[in-house]
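A quick write-up on the structure given underneath.
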Amino acid sequence: MARILLGVTGSIAAFKACHLASDWTKAGHTVRVVETAAAERFVTPLTFTSLTGEPTRTAMFPDSPAVPGDVAANPAPATINHVKDAAWADLLVVAPASADVIARIAAGMADDTLTATILAYEGPKLLCPAMNVHMYDNPATRRNLDVCRDFGWTVLDPASGTLACGDTGRGRMPEPEEIERAAATLLAGGPDGPREDGPQENGPQESRPQGGADAQATASLPLMGLNVLVTAGPTQEPLDPVRYLTNHSTGKMGYALAASAAELGAHVTLVSGPVALEEPEGVDVVHVTTARDMFEAVSDSFAAADITVMAAAVGDFRVEEIAPEKIKKAGRESITLTLVANPDILAWAGGRKRDDGSQVLCGFAMETEHLVRNAARKLAGKHCDMLVANDLREPGAGFATDTNVVTVLTPGGPDEQTPHIEHWDLMDKTTLAKRLLLRLAALRK
Ligand code: C5P
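All residue numbers for the sequence shown refer to the working numbering, where the first residue is 22 and numbers rise by one.
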């Protein structure tokens with residue numbers, strides 16, 4: 022787990038820094054926030070301290086003397102936090118970075134705690150500009166950003182959209198997920214992404230990653246060292262050599278989960294039904310066809326899995342007897358198929374998971390009615406640690422879309438029968454996958 026120093030400057034986007042502080046803390050990182058005076062106007066230091074559990078750094082000399090020169094009223098700071106923090110951190114992120122702080126960084130100034138910390142800091146660093154489009158387009162800002170790049174900063178370009186001032190154009194701070202991805206890449210040793218040679222044996226990092234292929238940096242990814250098992254896609258249940266029963270699942274959610282888990286540092290096994298998607302990089306894929314094949318593949322990997330997410334749309338039934346030859350229509354008005362139940366893989370896993378809390382299990386439920394009631398029943402009945410429910414009729418949710426709208430259920434609501442329920446807004450499946458995985462990792466004991 023990494024030590025992240027998060028610089029926050031005066032911008033309406035400062036509220037997004039709360040999400041960063043919260044997400045990183047939940048993922049197990051230690052986050053220390055340094056606010057400029059202007060940032061304190063938008064979000065109080067107490068907010069960040071509450072989110073991170075770490076002291077929030079603010080003014081370098083908090084007790085300005087009422088009478089200039091009155092040393093008794095203006096004691097020296099108890100510790101030289103800017104130097105200590107700079108030596109402590111594995112990663113420095115400034116988000117949002119105002120035009121003003123970018124100019125001060127480019128000029129090498131150290132006129133407040135944040136810029137003094139930045140000047141003393143020598144590790145990987147990420148700058149996330151956020152400002153009005155004209156301020157961003159101003160040649161002075163452009164030049165200052167180029168200078169920052171020369172100084173070794175990774176600059177995350179702002180997004181386009183409607184800005185707080187009402188103008189439209191580039192200037193919006195990227196969403197927290199994008200910043201978290203860029204931060205994970207830097208922690209993994211550079212902008213080219215994580216090393217591919219897996220966990221190192223050097224133990225937890227004591228020293229800061231120095232860019233490039235630092236072996237210890239990889240250990241900072243939030244799912245490093247964990248085995249993640251994901252099921253995805255539909256199953257196909259043959260009727261005869263040419264026909265089968267299936268459903269509309271495309272596998273997009275499961276593939277996003279597998280790809281995201283690998284990106285977050287996990288060793289990932291993806292058990293996939295037949296889909297038209299490319300295999301995610303760095304993931305062990307086991308291709309299966311029927312529910313029984315999927316069950317077999319899951320039972321091979323489940324015991325070793327720390328996090329299991331079953332996003333597959335498994336066929337509940339299969340034909341009792343598969344016809345050995347193509348079923349002919351000639352002379353038939355109807356045919357009767359006898360269907361028998363397939364094994365419920367999720368329920369099997371729920372009954373078998375380790376009871377010390379070190380193995381967490383997440384199921385998905387797609388419903389067309391009584392979403393929460395049905396999902397709550399599955400959460401309890403299949404002994405899951407999380408159940409992600411989506412309503413097929415909700416716009417942007419369900420099969421074949423690149424987005425999802427979900428309700429997340431976890432045990433531990435107001436009473437034993439009632440789960441804890443959260444309704445999450447529409448988001449793309451990769452963002453959702455990352456959020457779910459970080460949550461699941463946090464649920465592990
Ligand atoms: O009961 P229902 O099929 O709606 O439950 C959905 C959840 O159970 C999903 O996580 C799905 O992957 C899993 N499941 C399973 N094996 C089955 C049926 C569903 O693992 N036979």
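Heads up, the beta-carbon is just placed ideally off N, CA and C, and yes, glycines get one too.
Have a look at Ala38, Asp377, Thr439 and Thr46 and flag the residue whose alpha-carbon is nearest the alpha-carbon of Gly74.
Position 53 of the sequence shown holds residue 74. Among Ala38, Asp377, Thr439 and Thr46, the Cα nearest to that of Gly74 belongs to Thr46.
Taking 8 Å as the cut-off, is the CB of Lys399 close to at least one heavy atom of the ligand C5P?
On the sequence shown, residue 399 is found 378 positions in, with the first residue counted as 1. Answer for Lys399: yes, Cβ within range of the ligand C5P.
Leu453 and Val427 - do their beta-carbons sit closer together than 9 Å?
On the sequence shown, position 406 is the one that residue 427 refers to. On the sequence shown, position 432 is the one that residue 453 refers to. Going by C-beta atoms, Val427 is nearer than 9 Å to Leu453.
Since I believe Met245 is in contact with Gly286 (beta carbons under 8 Å), could you give me their beta-carbon distance rounded to a whole number of angstroms?
For the purposes of this step, residue 286 is taken as residue 265 along the sequence shown, with counting starting at 1. For the purposes of this step, residue 245 is taken as residue 224 along the sequence shown, with counting starting at 1. Yes, Gly286 and Met245 are in contact; Cβ-Cβ is about 4 Å, under 8 Å.
Burial state of Ala325 (16 or more Cβ within 10 Å):
Translated into the one-based positions of the sequence shown, residue 325 becomes position 304. Ala325 comes out exposed.
Skipping 5 residues on each side, what residues in its chain have a beta carbon closer than 7 Å to that of Lys347?
Within the sequence shown, residue 347 is the residue found at index 326, counting from 1. Cβ neighbours of Lys347 beyond the five flanking positions: Asp261, Pro262 and Val263.
Can you name the residues that DSSP bridges to Pro259?
Along the sequence shown, read from residue 1 onward, the residue named residue 259 stands at position 238. Bridge partners of Pro259: Tyr265.
Are the CB atoms of Leu382 and Met331 within a distance shorter than 9 Å?
Here residue 331 refers to the residue found at position 310 when the sequence shown is read from its first residue. Here residue 382 refers to the residue found at position 361 when the sequence shown is read from its first residue. Closer than 9 Å, so yes.
With distance defined between alpha-carbon atoms, name the residue in Ala312, Asp133 and Leu250 nearest to Ala277.
If you number the sequence shown from 1, residue 277 lands on position 256. Of the candidates Ala312, Asp133 and Leu250, the one whose C-alpha sits nearest the C-alpha of Ala277 is Leu250.
Excluding the five sequence neighbours on either side, which residues of its own chain have a C-beta within less than 6 Å of the C-beta of Val319, listed in chain order?
Here residue 319 corresponds to residue number 298 of the sequence shown, with the count starting at 1. Cβ within range, chain order: Val292 and Ile366.
Is any heavy atom of the ligand C5P found at a distance shorter than 8 Å from the C-beta of Asp406?
Start at 1 with the first residue of the sequence shown, and residue 406 comes out as number 385. Not under cutoff, so the answer is no.
Tell me the residue span of the beta strand (DSSP E) that contains Ile328.
The residue given as residue 328 occupies position 307 in the sequence shown. Unbroken beta strand (DSSP E) run through Ile328: Ile328 to Met331.
Considering Cα atoms alone, identify which of Ala312, Thr311, Val289 and Val309 is closest to Pro301.
Numbered from 1 along the sequence shown, position 280 holds the residue referred to as residue 301. Among Ala312, Thr311, Val289 and Val309, the Cα nearest to that of Pro301 is on Val289.
Who are the near neighbours of Phe172 in its chain, counting only those whose CB is closer than 8 Å to its CB and skipping five residues on each side?
By one-based count along the sequence shown, residue 172 stands at place 151. Cβ neighbours of Phe172 beyond the five flanking positions: Ile126 and Ala127.
Listed by chain order, which residues have C-beta atoms less than 5 Å from any heavy atom of the ligand C5P?
Met331, Ala333, Val335, Asn363, Asp365, Ile366, Leu367, Gly384, Phe385 and Ala386
Out of Gly49, Ala151, Leu41 and Met130, which has the shortest C-alpha to C-alpha gap to Thr30?
Numbered from its first residue, the sequence shown carries residue 30 at position 9. That would be Ala151, whose Cα lies nearest to the Cα of Thr30.
Look up Val335 in the DSSP assignment and say whether it is helix, strand or coil.
Taking the sequence shown and counting its residues from 1, one reaches residue 335 at position 314. Correct three-state label for Val335: coil.
Given a threshold of 16 other Cβ atoms within 10 Å of its Cβ, counted over all protein chains shown, does Pro440 qualify as buried or as exposed?
Counted from its first residue, the sequence shown places residue 440 at position 419. Flag for Pro440 reads buried.
When you compare the CB positions of Val114 and Val122, do they come within less than 9 Å of one another, or not?
The count along the sequence shown starts at 1 and reaches residue 114 at position 93. The count along the sequence shown starts at 1 and reaches residue 122 at position 101. For Val114 and Val122, no; Cβs fall outside 9 Å.
Selected residue, minimal CA-CA separation from Val176, among Thr136, Ala131, Ala118 and Cys39
If you number the sequence shown from 1, residue 176 lands on position 155. Taking only the C-alpha atoms, the option nearest Val176 is Ala118.
Specify, as a first and last residue, the run of the alpha helix (DSSP H) that Phe385 falls within.
Numbered from 1 along the sequence shown, position 364 holds the residue referred to as residue 385. Unbroken run through Phe385 is the beta strand (DSSP E), Val381 to Glu388; no alpha helix (DSSP H).
Tell me Leu112's beta-bridge partners as DSSP assigns them.
The residue given as residue 112 occupies position 91 in the sequence shown. Answer by DSSP bridge pairing, in chain order: Ile25.
CB-CB under 6 Å to Pro255, same chain, minus the five flanking residues each way: which ones, in chain order?
Walking along the sequence shown from the start, residue 255 turns up at place 234. Around Pro255: Thr267, Asn268, Ser270, Gly294 and Ala334.
Within 10 Å of its beta-carbon, does Gln380 have 16 or more other beta-carbons around it, so buried, or fewer, so exposed?
What you label residue 380 is simply residue 359 of the sequence shown in a count that begins at 1. The residue is buried, with at least 16 neighbouring Cβ atoms inside 10 Å.
At what residue ranges does the region 108 to 181 contain a whole run of the alpha helix (DSSP H), taking only runs of 4 or more?
120 to 127, 134 to 141, 154 to 158 and 160 to 171
With DSSP as the reference, please indicate the residues paired to Gly190 in a beta bridge.
Taking the first residue of the sequence shown as 1, we reach residue 190 at position 169. The partner list for Gly190 (beta bridge, DSSP) reads Gly182.
DSSP three-state call for Ser293: helix, strand or coil?
Start at 1 with the first residue of the sequence shown, and residue 293 comes out as number 272. Three-state DSSP puts Ser293 in a strand.
For Ala141 and Ala108, the rounded distance between their alpha carbons:
One-based indexing of the sequence shown puts residue 108 at position 87. One-based indexing of the sequence shown puts residue 141 at position 120. If you take the alpha carbons of Ala108 and Ala141, they lie about 8 Å apart.
Considering only their Cβ atoms, is the gap separating Asn411 from Asp327 smaller than 9 Å?
As a first step, residue 327 must be located in the sequence shown, where it is residue number 306. As a first step, residue 411 must be located in the sequence shown, where it is residue number 390. In this structure, Asn411 does not lie closer than 9 Å to Asp327 by Cβ.
Quick one, are the C-beta atoms of Phe385 and Glu258 less than 9 Å apart?
Locating residue 385 in the sequence shown gives position 364, counting from the first residue. Locating residue 258 in the sequence shown gives position 237, counting from the first residue. Their beta carbons are not under 9 Å apart, which means Phe385 does not touch Glu258 by this criterion.
Taking only runs that begin and end inside the region 346 to 430, name each unbroken alpha helix (DSSP H) of 4 or more residues, in chain order.
366 to 371 and 392 to 402
Closest Cα partner of Ala42 within the set Thr57, Val306 and Leu26
In the sequence shown, counting from the first residue as 1, residue 42 sits at position 21. Measuring from the Cα of Ala42, the nearest candidate turns out to be Leu26.
Option in Cys169, Asp132, Thr329 and Leu112 with minimal Cα separation from Lys146
Looking up residue 146 in the sequence shown gives position 125. The shortest Cα separation from Lys146 among Cys169, Asp132, Thr329 and Leu112 belongs to Leu112.
Within 9 Å, strictly: CB atoms of Ala462 and Leu430:
On the sequence shown, residue 462 is found 441 positions in, with the first residue counted as 1. On the sequence shown, residue 430 is found 409 positions in, with the first residue counted as 1. Against a cut-off of 9 Å, the Cβ pair of Leu430 and Ala462 comes out as no contact.
Please report how far the alpha carbon of Lys37 lies from the alpha carbon of Glu201, in whole angstroms.
For this step, residue 37 is matched to residue 16 along the sequence shown. For this step, residue 201 is matched to residue 180 along the sequence shown. The alpha-carbon atoms of Lys37 and Glu201 are separated by roughly 12 Å.
Unbroken beta strand (DSSP E) run spanning Val62, endpoints:
Walking along the sequence shown from the start, residue 62 turns up at place 41. This sequence places Arg at residue 62; Val is not what is there. No beta strand (DSSP E) holds Arg62; the alpha helix (DSSP H) holding it covers Ala58 to Phe63.
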